[in-house]
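Below is one structure, written out as structure tokens, with a few remarks after it.
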Amino acid sequence: MRDTFNKMIGRTRYVVLRLFLHLGGGEVAPILGVLNSAGRDAIDADGDLEVLGEGLVEITQTLLQYDEYWLSAANEGDVFFDEGEAGDYVNELFTDSAQRYLSEPSYSSDRSNEPLSIPVTQNVIVMVTAAYEGEVPELETDLSNVQALKEGLKALINLHYKHRLKAIQVHFSPAQLGDELTSDQLLQYYPELIPL
Numbered sequence: 000m001r002d003t004f005n006k007m008i009g010r011t012r013y014v015v016l017r018l019f020l021h022l023g024g025g026e027v028a029p030i031l032g033v034l035n036s037a038g039r040d041a042i043d044a045d046g047d048l049e050v051l052g053e054g055l056v057e058i059t060q061t062l063l064q065y066d067e068y069w070l071s072a073a074n075e076g077d078v079f080f081d082e083g084e085a086g087d088y089v090n091e092l093f094t095d096s097a098q099r100y101l102s103e104p105s106y107s108s109d110r111s112n113e114p115l116s117i118p119v120t121q122n123v124i125v126m127v128t129a130a131y132e133g134e135v136p137e138l139e140t141d142l143s144n145v146q147a148l149k150e151g152l153k154a155l156i157n158l159h160y161k162h163r164l165k166a167i168q169v170h171f172s173p174a175q176l177g178d179e180l181t182s183d184q185l186l187q188y189y190p191e192l193i194p195l
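So the sequence shown is numbered by numbering that gives the first Met the number 0: it starts at 0 and just counts up by one.
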């Protein structure tokens with residue numbers, strides 16, 4: 000009811016969402032390269048939304064290519080008619096995502112003294128937080144089935160090209176090559192995941 004009233008009086012509708020995607024198997028490690036590259040570009044761009052959006056498109060397209068490795072997913076979000084409240088919720092989700100296990104990359108660490116044989120992770124979690132203007136039914140539904148998730152990821156790409164994204168954040172775990180995310184850690188740090 001409130002949503003309808005606010006649309007009638009012409010207030011801008013902001014949606015903030017967070018999407019979790021768990022990929023598993025011996026072939027998922029290359030995704031970490033795409034995620035780290037986009038992360039470095041985002042840091043270098045110092046918050047430029049166009050660069051962040053291009054990184055999101057690259058990440059999303061990679062996730063769509065790896066759909067046979069999707070194991071579980073979850074999503075959450077809310078609708079706001081106040082940009083400040085939407086921004087506060089983006090910050091809240093950012094803080095929560097950054098505190099998740101192994102989701103904070105270190106782009107400046109010196110790994111020259113580490114051994115050359117490193118374990119290959121079997122699990123990767125990608126957490127995408129986005130805020131946009133308007134309505135996108137493909138993102139404002141339960142994304143815990145494969146087809147809905149594919150449509151939601153494609154909708155994120157379209158939001159970038161339509162210049163409707165207001166905030167973009169991507170966290171992932173493990174955040175560094177050589178770190179592993181075990182099944183027990185998945186249950187402990189990502190309890191909201193629903194098998195696909």
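Note that beta-carbon positions come from the ideal geometry of N, C-alpha and C, so glycine has one too.
Here the structure is a predicted model, which means the values were calculated and not measured.
Is it the case that the Cβ atoms of residue i and residue j are separated by a distance below 8 Å?
i, j, result
"residue 158", "residue 72", "no"
"residue 167", "residue 55", "yes"
"residue 130", "residue 13", "yes"
"residue 180", "residue 144", "no"
"residue 34", "residue 169", "yes"
"residue 66", "residue 120", "no"
"residue 80", "residue 10", "yes"
"residue 74", "residue 31", "no"
"residue 99", "residue 160", "no"
Provide the residue(s) that pair with residue i in DSSP beta bridges, ordered along the chain.
i, result
"residue 18", "74, 127"
"residue 79", "13"
"residue 122", "23"
"residue 193", "72"
"residue 132", "13"
Report the CB separation of residue i from residue j in whole angstroms; it is logged as a contact under 8 Å.
i, j, result
"residue 21", "residue 192", "5 Å"
"residue 16", "residue 76", "3 Å"
"residue 18", "residue 151", "7 Å"
"residue 44", "residue 57", "That pair is no contact at about 13 Å."
Report yes or no: do the segment 84-94 and the segment 43-60 share at least 3 C-beta pairs separated by less than 8 Å? Between the segment 84-94 and the segment 43-60, the count of C-beta pairs closer than 8 Å stays below three; the two stretches do not touch.
For a minimum of 3 consecutive residues, which ranges assigned as the beta strand (DSSP E) are wholly contained in the segment 136-188? List check, beta strand (DSSP E) in window: 164-172.
When the Cβ atoms of the segment 59-70 are set against those of the segment 22-31, are three or more pairs found closer than 8 Å? Contact check between the segment 59-70 and the segment 22-31: three or more CB pairs, one atom from each, fall below 8 Å, which counts as touching.
Start-end ranges of the alpha helix (DSSP H) lying completely within the segment 29-53, minimum 4 residues: Within the segment 29-53, the alpha helix (DSSP H) runs of at least 4 residues that lie entirely inside it are, in chain order, 29-44.
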